[in-house]
Amino acid sequence: MNEIQLGKAGPFVSRLGLGTMMMGWRLAQAESEKVIASAHEQGISLIDTSISYARGGCHQIIGQSLRNLKLQDKFFIATKVGGIADDSDPPDHRGYSRRNIIRQCELSLTQLGVDCIDLLQLHFPTKEFEYQEMLEALILLRSQGKIKYFGVCNYTVDDMQSVLAYAKENAALKPLTNQFEYNLLNFQQQELLFSQLETAGIGSITWGPLASGLLRDWYAKNAVAQPGSRIDTSREKDQKIALLNEPSTQKILKALTQLSAETKLPAHAIAIIWQLKKNPANCTLLGPSSLAQFNDLLSHIEIDSAYPVNFASLL
Numbered sequence: 025m026n027e028i029q030l031g032k033a034g035p036f037v038s039r040l041g042l043g044t045m046m047m048g049w050r051l052a053q054a055e056s057e058k059v060i061a062s063a064h065e066q067g068i069s070l071i072d073t074s075i076s077y078a079r080g081g082c083h084q085i086i087g088q089s090l091r092n093l094k095l096q097d098k099f100f101i102a103t104k105v106g107g108i109a110d111d112s113d114p115p116d117h118r119g120y121s122r123r124n125i126i127r128q129c130e131l132s133l134t135q136l137g138v139d140c141i142d143l144l145q146l147h148f149p150t151k152e153f154e155y156q157e158m159l160e161a162l163i164l165l166r167s168q169g170k171i172k173y174f175g176v177c178n179y180t181v182d183d184m185q186s187v188l189a190y191a192k193e194n195a196a197l198k199p200l201t202n203q204f205e206y207n208l209l210n211f212q213q214q215e216l217l218f219s220q221l222e223t224a225g226i227g228s229i230t231w232g233p234l235a236s237g238l239l240r241d242w243y244a245k246n247a248v249a250q251p252g253s254r255i256d257t258s259r260e261k262d263q264k265i266a267l268l269n270e271p272s273t274q275k276i277l278k279a280l281t282q283l284s285a286e287t288k289l290p291a292h293a294i295a296i297i298w299q300l301k302k303n304p305a306n307c308t309l310l311g312p313s314s315l316a317q318f319n320d321l322l323s324h325i326e327i328d329s330a331y332p333v334n335f336a337s338l339l
């Protein structure tokens, strides 16, 4: 699998990354372990997770899987702090205070069973705490050898502008990466963000290439949630179905259906191939809900192949 460099001076990782939000929720230990093994076999080297996923259960599944598979040193581990680590946690154990970033990082190390986290990310932008306070915590953790790099997630152009301005004014470190949602349904809004990150030498990691499943074949033919799917069981089901029925979404799905018929590729594979070709320096996360889904998706994506797909109808 092709590799990309995270930012101008960061490490090289696989073009595709493994997103793990479903582990501990829809995927139990045994199937999660098989997904991780399959990812390794396919050349995927980045695993993205969060202390919030399954309230730490995802971390524990990943750690146990890597030990069982003897793959502890084969993956670049990216995780996130700032969210809810345990539903019983008091309010001061959540958020982005210096104390909580350190506390959640140390808890993540224990749950994952590692001595150092490759990339520690702030899960969401916040106005509650100053960037300086968050940065001090991250620099301390790095000096202690507990993290190698730090990044941010879901930061908008305006959020990043504030971070970059602070870094310039204070000769401070910039984040290695920004992780954000990117797919056929929102790409026009994200083009400026890509440009901003590239100019600043900050890497991009993107999630949601299938828009939580909306870009799968089912939704090109049905205006309701697929029974048992991620959308069907999501707290945001109504919002997702509303998005599905928007004219702009229907236009994309119609174009995907046509391209699928022409290429004999499923709609979801076309949606991801489009993304890989449009932003070749970006690490795209795949977050499977099952081993079968993951292997099916990978079987249709040959990153080194020049698929004869005319993407013009999708734009």
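Each residue of the sequence shown is one higher than the one before, counting from 25 in the working numbering.
Glycine residues also receive a C-beta, built at the ideal position from the N, C-alpha and C atoms.
Residue i - partner residues in DSSP beta bridges
{"i": "G43", "result": "D72"}
{"i": "F100", "result": "L70"}
{"i": "L309", "result": "G41"}
{"i": "I226", "result": "According to DSSP, I226 bridges with nothing at all."}
{"i": "W231", "result": "E205"}
{"i": "V22", "result": "Coverage of the chain is limited to positions 25 through 339, which leaves residue 22 absent and any answer about it impossible."}
{"i": "F36", "result": "Q29"}
{"i": "L51", "result": "M47"}
{"i": "V105", "result": "L146"}
{"i": "I406", "result": "Residue 406 is absent from the model: the chain starts at 25 and stops at 339."}
Straight-line Cα distance separating residue j from residue i
{"i": "R166", "j": "L159", "result": "11 Å"}
{"i": "L300", "j": "S62", "result": "20 Å"}
{"i": "D328", "j": "M25", "result": "At D328 the pLDDT is 49, less than 50, meaning the model places this residue with poor confidence; the figure from the coordinates comes in the next sentence. Spanning the two alpha carbons is a distance of roughly 8 Å."}
{"i": "V176", "j": "E65", "result": "29 Å"}
{"i": "S76", "j": "A235", "result": "20 Å"}
{"i": "E152", "j": "N92", "result": "40 Å"}
{"i": "G41", "j": "L30", "result": "12 Å"}
{"i": "I171", "j": "I68", "result": "21 Å"}
{"i": "N319", "j": "F211", "result": "26 Å"}
{"i": "A316", "j": "G232", "result": "18 Å"}
{"i": "G225", "j": "I101", "result": "21 Å"}
{"i": "Y120", "j": "E193", "result": "22 Å"}
{"i": "T44", "j": "G81", "result": "11 Å"}
{"i": "R118", "j": "S284", "result": "44 Å"}
{"i": "I14", "j": "A161", "result": "Lying outside 25 to 339, the shown extent of the chain, residue 14 is not represented and no answer is given."}
{"i": "E260", "j": "E205", "result": "16 Å"}
{"i": "E154", "j": "A279", "result": "44 Å"}
{"i": "G252", "j": "I296", "result": "23 Å"}
{"i": "L164", "j": "F174", "result": "11 Å"}
{"i": "L51", "j": "G106", "result": "23 Å"}
{"i": "S186", "j": "L90", "result": "37 Å"}
{"i": "I28", "j": "N207", "result": "19 Å"}
{"i": "D113", "j": "L321", "result": "37 Å"}
{"i": "N124", "j": "P115", "result": "10 Å"}
{"i": "K313", "j": "D262", "result": "The identity of residue 313 in the sequence shown is Ser, whereas the question assumes Lys. Rounded to whole angstroms, S313 to D262 spans 20 Å at the Cα level."}
{"i": "A305", "j": "T223", "result": "13 Å"}
{"i": "R39", "j": "H147", "result": "21 Å"}
{"i": "A195", "j": "G237", "result": "42 Å"}
Identity of the residue in the options nearest residue i by Cα
{"i": "L277", "options": "A196, L162, L239 and S89", "result": "L239"}
{"i": "P271", "options": "H292, A293, I294 and A244", "result": "A244"}
{"i": "S258", "options": "G41, W49 and P199", "result": "W49"}
{"i": "P149", "options": "G311, Q203 and L90", "result": "Q203"}
{"i": "Q274", "options": "E260, I297 and L209", "result": "L209"}
{"i": "W298", "options": "L164, F174, S314 and A336", "result": "A336"}
{"i": "Q282", "options": "L338, L322, G237 and C307", "result": "L338"}
{"i": "T308", "options": "T223, S186 and T230", "result": "T230"}
{"i": "Q213", "options": "D111, S313 and Y179", "result": "Y179"}
{"i": "L95", "options": "K58, P115 and D113", "result": "K58"}
{"i": "K98", "options": "I60, D111 and N124", "result": "I60"}
Buried versus exposed call for residue i [16 or more other C-beta atoms within 10 Å across all chains shown]
{"i": "G227", "result": "buried"}
{"i": "G34", "result": "buried"}
{"i": "D183", "result": "buried"}
{"i": "G311", "result": "buried"}
{"i": "T201", "result": "buried"}
{"i": "L268", "result": "buried"}
{"i": "A189", "result": "exposed"}
{"i": "G169", "result": "exposed"}
Close Cβ partners of residue i (< 8 Å) along its chain, the five nearest in sequence each way excluded
{"i": "I265", "result": "A247, V248, A249 and I255"}
{"i": "T103", "result": "D72, T73, S74, I75, H83, S132, L136, I141, L143, L144 and Q145"}
{"i": "A109", "result": "I75, S76, R79, G80, H117, R118, Q128 and L131"}
{"i": "A191", "result": "L197 and K198"}
{"i": "G87", "result": "Q135, L136, G137 and V138"}
{"i": "D111", "result": "R79"}
Beta-carbon proximity list for residue i, same chain, < 6 Å, skipping 5 on both sides
{"i": "E157", "result": "R122"}
{"i": "K32", "result": "G225"}
{"i": "D241", "result": "P290 and A291"}
Cβ shell of residue i (< 7 Å), same chain only, five flanking positions each side left out
{"i": "I85", "result": "M47, G48, Q53 and S56"}
{"i": "H324", "result": "L289, P290 and A293"}
{"i": "F218", "result": "S228 and N303"}
{"i": "V181", "result": "L216, L217 and Q220"}
{"i": "V37", "result": "E27, I28, L30, S69, L70, F100 and C307"}
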